[in-house]
Amino acid sequence: LYDHDCFFDHHGMYDNVLYVPLIIRYPGKIPAGQRVSGFNQHKDLVPTLMDLIGKSEADIQWPSDKRFDGRSLLPLISGEEASHESEFYITECTWMRKHGWRTPQWKLMIALEPDFHFKPEIELYNLIEDPEENHNVAEQEPELVAELRRRMDAWIAKREAETGLPNPMHHQGDWHGKEGVGAFKTSQQAYDTLYIGSASMARRLQAQSRQEEKAEPEAESDSQ
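With our numbering, the residue at position 205 of the sequence shown is 205, and numbering never jumps.
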């Protein structure tokens, strides 16, 4: 429940990125071959592991005002609960700065600044009718966008009150590593600014790729 490498777009909030199966193998404790459809998040891992070894949060010696945000997944595995949460906050701040709200049927995504994919500021997808998220219906469903945004903002306000900290999505500064650039103003600026790894290495790889592409037609011509 962490990462599935860079294949099929590593960054973003579409389900091909968000949906990473959690696999637990514990002979004698977890039934083999069982599948659970409920949602789980990183915050649930430590409570689950502690539950598996017979420990609880009360066994940890730390300040009384500190509590786990997550819960053990064992009730989902045993069938006592379908899912701890039916909707939740989603964020992305690796190659773009976005946040949103996901329910079993709908996913709202809001760009806090233009991204390098040239996507619109607001995206809304019906996950039941359009599970691959190909058809943005934000313009057709303005009331639904407003309602999901209200739920998201209410959750953010609740967490800020609980933690005493501001939402980091609004305070990332030069999150992209380009000092002094600030928030991107256009998708073209984001596209022209971002790169993965060393810029010099990227240029060498691009030059090598162009040479290989140029050599392919010549090789085919020689073989004929």
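Where a beta carbon is used, it is the ideal one built from N, C-alpha and C, also for glycine. These figures come from a predicted structure and were not determined experimentally.
Query: By alpha-carbon positions, which one of P31, E147, H176 ends up nearest to S78?; Result: P31
Query: Can the beta-carbon of M152 be found less than 9 angstroms from the beta-carbon of L112?; Result: no
Query: Quick one: what's got a C-beta closer than 8 angstroms to W101's C-beta in the same chain, skipping five residues either side?; Result: E87, F88, Y89, I90, K107, L108, L148, R149, R151, M152, W155
Query: Could you say if the segment 29-48 and the segment 66-76 meet the contact criterion of at least three C-beta pairs nearer than 8 angstroms?; Result: yes
Query: Going by alpha carbons, who is nearest to D232 out of N134, G54, I60, E85?; Result: Residue numbering for the chain in the displayed model covers 1 to 224; residue 232 lies beyond these limits and cannot be assessed.
Query: In chain order, what residues of the same chain lie with their CB nearer than 7 angstroms to the CB of E92, ignoring the 5 residues before and after it?; Result: H11, G12, M13, K98
Query: Quick check on the DSSP output: the alpha helix (DSSP H) that includes M233 runs from which residue to which?; Result: Summary: the structure shown does not reach residue 233, with the chain confined to residues 1 through 224, and so no result is reported for it.
Query: Quick check: what's the CA-CA separation for Q140 versus N126?; Result: 12 angstroms
Query: How should F116 be labelled, buried or exposed, when 16 other C-beta atoms within 10 angstroms of its C-beta is the threshold for buried?; Result: buried
Query: Spatial neighbours of F81 within its chain, please: C-beta separation below 6 angstroms, excluding the five flanking residues on both sides.; Result: Sequence inspection shows Glu at residue 81; the Phe mentioned does not correspond to that position. Once the five neighbours on either side are set aside, the close Cβ partners of E81 are P75.
Query: Between which two residues does the alpha helix (DSSP H) carrying L124 extend?; Result: Looking at the DSSP string, L124 is not in any alpha helix (DSSP H); the run it does join, the beta strand (DSSP E), is 122-126.
Query: Between the Cα of L144 and the Cα atoms of L124, I53, T163, L194, which residue gives the shortest distance?; Result: L124
Query: Enumerate in chain order the residues of its own chain whose CB-to-CB distance from I24 is below 7 angstroms, with the five nearest sequence positions on each side excluded.; Result: I30
Query: Please name the residue, chosen from H176, P21, S209, that lies closest to D192 on a Cα-to-Cα basis.; Result: H176
Query: What does the alpha-carbon distance come out to for the pair P168 and R159?; Result: 11 angstroms
Query: What residue range is occupied by the uninterrupted beta strand (DSSP E) comprising T91?; Result: 88-92
Query: Is the separation between the beta-carbon of D51 and that of H84 shorter than 9 angstroms?; Result: no
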